[in-house]
Amino acid sequence: MSTRLDLKCEACGGPAVLTLKQDVLDLLSSKVSVDKPCPACGGALSSPGGYYRKNDEGVLVRLSAYAPPSAAIN
């Protein structure tokens, strides 16, 4: 089952969709960006950092903002 993530162009604000062949259930990233340019203007495509979880429609949905992991104290 594939996984989708909604992206946005940093230049024109146009929408795009990234489709992953892998079945990704969760994603934690400071920023999601891809190498493919915006089909409308050629700008960079990205999605804000955060914690994402796959919903029933196969789309990664952002649940919270990115927070860097803290150092564990043992």
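Every position in the sequence shown, counted from 1, becomes a number in our numbering once 5 is added.
Built from N, CA and C at the ideal position, the CB exists for glycine as well.
- Taking 9 Å as the cut-off, the Cβ atoms of V39 and L50 count as close.
- Boundaries of the beta strand (DSSP E) harbouring V39: 31-42, taken from the DSSP string.
- For K13, the enclosing beta strand (DSSP E) has its first and last residue at 8-14.
- In the structure shown, the three-state DSSP call for K59 is strand.
- With 16 or more neighbouring CB atoms inside 10 Å of its own CB, G55 falls in the buried class.
- If you draw a straight line from the Cα of K36 to the Cα of G63, it is about 20 Å long.
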